[in-house]
Amino acid sequence: MNTQVEIAGVTFQNPVMTASGTFGSGMEYAQFVDLNRLGAVVTKGVANVPWPGNPTPRVAEVYGGMLNAIGLQNPGIDVFLERDIPFLKKYDTRIIVNVCGKTVEDYVEVVERLSHEEAVSMLEINVSCPNVKEGAIAFGQRADALFQITQKIKRHARQPVIMKLSPNVTDITEMARAAEAAGADALSLINTITGMKIDIHKRRFAIANKTGGMSGPAIKPIAVRMVYQTARAVRIPVIGMGGIATAEDAIEFLLAGASAVSIGAMNFVNPYTTLEVIQGIEEYMEKYHVEKVTDLIGAVGE
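In terms of my numbering, the sequence shown opens at residue 669 and continues consecutively.
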């Protein structure tokens, strides 16, 4: 049984990763999860300077998932390089750093700082951040803006670049093709879906930001559909995420065309989810006599 997958020349021991923003940088979960078993740890978003994040309350439970408006709070690249990278280097897993910013220059600064870190296997670029120079519209909501930021990051990146796509668009394949045309090495999707919750007893918004990103099992059918469409529209690898709670969910994404999967919201519900999904994929492969996990990628019948 071979569970290895390759994405943009990087080999992963299995296709199961953590989703950015749900696993810290691994330290927070190390007492629950053997990080050596993971295909990769995808870190929380890292900016060029510390970000304080949004006012509280930031999180609200909703039917089938959760809303969050954390605001990408993070201590910045200096602390990340001093504290988090040395910690992750102790484990036999791939390190993928999620990068965020408010201008193209912000992203490029972080990408350049990470270019000399040999332990970092790939960069995942969060294009759901608000572009302050364009009226705070997210980089990932216009194909031209996505093309431009991808192209500029690729000029400065030494590691392969994953562009993380937002589902809050009219046509996900248009965005995927724009990122591919600009030189992206891989794509990850979906990021959270914009939602809202109102407390009817207090007659107030449940989170201070009014809107937040919805994640959890309720969004999985949308995510599977978008991953399927994207995998058929581009030639570069796709990493699927959105509502994965079980091995069955993960296998669904693989069959839809994903080369790997990331687990997010369920880390808050059950910190052992990643390990359970890895074990479940192995059991599925044994049950159905699948020799290589790559044989499952895009194997859904018409």
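Where is the CB? At the ideal position from N, CA and C, for every residue including glycine.
* **Collapsed DSSP secondary structure at MET695 in the structure displayed** => In the structure shown, the three-state DSSP call for MET695 is helix.
* Asked: Which same chain residues, not among the five before or five after VAL772, have their C-beta less than 6 Å away from its C-beta?
  -> Within the same chain, VAL772 has close Cβ partners ILE817 and LYS820.
* Asked: Can you name the start and end residues of the beta strand (DSSP E) that LYS994 belongs to?
  -> Nothing about residue 994 can be read from this structure; the chain reaches only from 669 to 970.
* Looking at the structure shown, is GLY1043 part of a helix, part of a strand, or coil, going by DSSP? -> Since the first residue of the chain shown is 669 and the last is 970, residue 1043 is not available in this structure.
* Asked: Is the number of C-beta pairs between the region 933 to 951 and the region 715 to 723 that are closer than 8 Å three or more?
  -> The answer is no - the region 715 to 723 does not touch the region 933 to 951, with fewer than three Cβ pairs under 8 Å.
* Cβ neighbour criterion (16 or more within 10 Å) applied to LYS960 -> Exposed.
* Asked: Around the Cβ of GLN699, are there at least 16 other Cβ atoms within 10 angstroms (buried) or fewer (exposed)?
  -> Looking at its Cβ environment, which holds fewer than 16 other Cβ atoms inside 10 Å, GLN699 is exposed.
* Asked: How would you call ILE805, buried or exposed, if buried means at least 16 neighbouring beta carbons within 10 angstroms?
  -> So ILE805 ends up on the exposed side.
* Backbone CA spacing between ILE753 and GLY692 [nearest angstrom] -> If you take the alpha carbons of ILE753 and GLY692, they lie about 12 Å apart.
* **Alpha-carbon to alpha-carbon, LEU735 and LYS878** => About 10 Å.
* **Beta-carbon separation (whole angstroms), PRO725 vs LEU922, contact threshold 8 Å** => 36 Å between Cβ atoms; not a contact.
* Do you know offhand how far VAL776's Cα is from HIS824's? -> In this structure, the alpha-carbon of VAL776 lies about 7 Å from that of HIS824.
* Out of curiosity, what's the CA-to-CA distance linking TYR759 and LEU791? -> If you take the alpha carbons of TYR759 and LEU791, they lie about 18 Å apart.
* To do: Note down the Cα distance separating GLU624 from GLY769, rounded to an integer number of angstroms.
  => Examination of residue 624 is not possible in this model, given that the chain is present from 669 through 970 alone.
* To do: Measure the beta-carbon distance from ILE907 to SER856 and round it to whole angstroms, keeping in mind my assumption that it falls under 8 Å.
  => Indeed, because the Cβ distance is near 4 Å, the residues count as touching under 8 Å.
* Whole alpha helix (DSSP H) elements within the region 722 to 772, 4-residue minimum -> Those alpha helix (DSSP H) runs which fall completely within the region 722 to 772 and span 4+ residues are 753 to 756.
* Between which two residues does the alpha helix (DSSP H) containing PHE815 stretch? -> In the DSSP assignment, PHE815 falls within the alpha helix (DSSP H) that extends over 811 to 824.
* Can you name the residues that DSSP bridges to MET790? -> MET790 pairs with ILE764.
* Asked: Distance, Cα to Cα, VAL895 vs SER927?
  -> The straight-line gap from Cα to Cα measures roughly 10 Å.
* Following the continuous alpha helix (DSSP H) through ALA901, name the residue where it begins and the one where it ends. => Boundaries of the alpha helix (DSSP H) harbouring ALA901: 888 to 901, taken from the DSSP string.
* Asked: ALA913 and THR941 look like a contact to me (Cβ under 8 Å); what is the Cβ gap, rounded to whole Å?
  -> The C-beta distance from ALA913 to THR941 rounds to 7 Å, short enough to fall under 8 Å.
* Asked: With ILE887 and ILE861 assumed to form a contact (beta carbons below 8 Å), what rounded beta-carbon distance in angstroms separates them?
  -> Between ILE861 and ILE887 the Cβ distance is about 6 Å, and since that is below 8 Å, they are a contact.
* To do: Spell out whether any CB of chain B is found under 8 Å from the CB atom of ILE805.
  => Protein chain content of the structure displayed is limited to a single chain, and chain B is not contained in it.
* **THR679, enclosing beta strand (DSSP E) - first and last residue** => Segment 678 to 680, the beta strand (DSSP E) holding THR679.
* Does DSSP put GLU716 in a helix, a strand or coil? -> The sequence given here has Asn at residue 716, not Glu. In the structure shown, ASN716 sits in coil (DSSP, three-state: anything other than H, G, I, E or B).
* Roughly how many angstroms separate the alpha carbons of LYS757 and GLU970, rounded to a whole number? -> Approximately 43 Å, taken between the alpha carbons.
* Identify whether LEU857 lies in helix, strand or coil by the three-state DSSP scheme. => In the structure shown, LEU857 sits in a strand (DSSP, three-state: E or B).
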